[in-house]
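A.B. asks:
2 protein chains.
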Amino acid sequence: MGITKTEIFTDKQNQIAQYAKVLGHPARVAILQYLYKLNACVCGDLVDEIGLAQPTISQHLKELKHLGLIKGNVEGTSVCYCIDADNWKKMKTVMSEFLDQDLNQKDCC
Amino acid sequence: MGITKTEIFTDKQNQIAQYAKVLGHPARVAILQYLYKLNACVCGDLVDEIGLAQPTISQHLKELKHLGLIKGNVEGTSVCYCIDADNWKKMKTVMSEFLDQDLNQKDCC
DNA sequence: TTTATTCATTGCAATATTACGATTAATAGT
DNA sequence: ACTATTAATCGTAATATTGCAATGAATAAA
Numbered sequence: 001m002g003i004t005k006t007e008i009f010t011d012k013q014n015q016i017a018q019y020a021k022v023l024g025h026p027a028r029v030a031i032l033q034y035l036y037k038l039n040a041c042v043c044g045d046l047v048d049e050i051g052l053a054q055p056t057i058s059q060h061l062k063e064l065k066h067l068g069l070i071k072g073n074v075e076g077t078s079v080c081y082c083i084d085a086d087n088w089k090k091m092k093t094v095m096s097e098f099l100d101q102d103l104n105q106k107d108c109c
Numbered sequence: 001m002g003i004t005k006t007e008i009f010t011d012k013q014n015q016i017a018q019y020a021k022v023l024g025h026p027a028r029v030a031i032l033q034y035l036y037k038l039n040a041c042v043c044g045d046l047v048d049e050i051g052l053a054q055p056t057i058s059q060h061l062k063e064l065k066h067l068g069l070i071k072g073n074v075e076g077t078s079v080c081y082c083i084d085a086d087n088w089k090k091m092k093t094v095m096s097e098f099l100d101q102d103l104n105q106k107d108c109c
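From first to last, the protein sequence lines are chains Y and V.
With full-length UniProt numbering, you'll find the first sequence wraps up at 109, consecutive numbering, no jumps.
With full-length UniProt numbering, you'll find the second sequence wraps up at 109, consecutive numbering, no jumps.
Structure below.
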């Protein structure tokens with residue numbers, strides 16, 4: 001019914017899915033890549049860089065911030081976003097463990 | 001509008017998002033883990049293993065198959081699913097490249 | 001042929017997501 | 001105080017997703 005039955009899955013499974021879900025939109029992928037490219041923090045010219053309206057970008061930023069992948073500092077009227085390196089590393093660990101399942105396995109059919 | 005503007009993003013960004021999106025549901029994560037755990041192929045006792053109705057599982061399997069992460073062979077009345085190792089590797093390459101962005105970067109804010 | 005089993009498909013309801021216009025809140029500059 | 005700028009929030013429309021009951025198609029067993 002449009003709602004996910006998270007209760008029947010393990011915490012790990014839900015965590016993997018949660019990380020994957022937030023990466024599951026090209027705008028959020030693009031935002032993260034741009035923040036990494038600039039290395040230093042970057043302000044809201046993400047709206048110019050990516051071709052979406054300001055409220056839409058703001059919404060995507062909110063989701064990324066909610067999961068902890070980015071953080072934002074207010075600087076006057078503008079807000080400077082950057083990658084949260086610690087949480088990124090945590091995500092990488094969780095996702096890599098999942099993606100590397102194949103290393104322990106033999107061939108199947 | 002519920003619809004993603006894929007045109008304004010690069011192929012790579014869309015590809016990453018597409019892979020992530022399919023991993024963005026715990027049922028599909030669980031299915032993939034189960035298929036890996038059994039190593040050999042496995043039939044549709046996924047319905048018993050995971051606590052969702054058969055049509056729901058069938059739908060998730062369809063999405064996984066559509067992206068090429070699994071393949072299914074008909075065996076009499078049952079269907080045997082297994083991981084598509086080649087395509088899994090391709091996904092791992094794409095996702096790892098994205099997740100490893102941090103390795104080339106200095107600190108920011 | 002009939003029956004049972006297994007799985008895909010269809011149709012539907014409930015909810016979620018994506019996107020944007022309009023508005024609001026906050027600060028900076030005049 | 002007034003204005004401009006920036007970004008969050010609200011409200012809304014369109015579409016997507018999740019989940020299941022009912023049904024259908026295909027094969028196996030009797």
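C-beta atoms are modelled at their ideal positions from N, C-alpha and C, and glycine is treated no differently.
Less than 7 Å separating the Cβ of residue 30 (chain Y) from some heavy atom of the ligand SAH?
C.D. replies: This structure does not include the ligand SAH; it has no bound ligands of any sort.
A.B. asks: State yes or no: is the beta carbon of residue 6 (chain Y) nearer than 8 Å to at least one beta carbon in chain V?
C.D. replies: yes
A.B. asks: Taking only beta-carbon positions, decide if residue 64 (chain V) is within less than 8 Å of chain Y.
C.D. replies: no
A.B. asks: Check each residue of the stretch 79 to 96 of chain Y: if its Cβ is closer than 8 Å to any Cβ of chain V, include it; give the result in chain order.
C.D. replies: 80, 82, 83, 85, 88, 89, 91, 92, 95 and 96
A.B. asks: Are the C-beta atoms of residue 53 (chain Y) and some chain V residue less than 8 Å apart?
C.D. replies: Not an interface residue.
A.B. asks: Start and end of the beta strand (DSSP E) containing residue 87 (chain Y)?
C.D. replies: Premise fails: residue 87 (chain Y) lies in the alpha helix (DSSP H), 85 to 99, not in any beta strand (DSSP E).
A.B. asks: Verify whether the separation of the beta carbon atoms of residue 112 (chain Y) and residue 30 (chain V) is less than 8 Å.
C.D. replies: Outside the displayed span of chain Y (1 to 109) sits residue 112 (chain Y), for which this structure offers no information.
A.B. asks: Taking its Cβ as the centre, do 16 or more other Cβ atoms sit within 10 Å of residue 76 (chain Y), making it buried, or is it exposed?
C.D. replies: exposed
A.B. asks: Considering only the beta carbon of each residue, do residue 61 (chain V) and residue 16 (chain Y) sit closer than 8 Å?
C.D. replies: Judged by their CB atoms, residue 61 (chain V) and residue 16 (chain Y) are not nearer to each other than the 8 Å cut-off.
A.B. asks: Scan the stretch 28 to 87 of chain Y and note each continuous beta strand (DSSP E) run of 3 residues or more that stays entirely inside, going in chain order.
C.D. replies: 70 to 75 and 78 to 83
A.B. asks: Tell me whether residue 50 (chain Y) is buried or exposed, calling it buried when 16 or more other Cβ atoms sit within 10 Å of its Cβ.
C.D. replies: buried
A.B. asks: Listing by chain order, which chain V residues have their CB less than 8 Å from the CB of residue 16 (chain Y)?
C.D. replies: 23, 26 and 29
A.B. asks: Less than 8 Å between the C-beta atoms of residue 57 (chain V) and residue 47 (chain V), yes or no?
C.D. replies: yes
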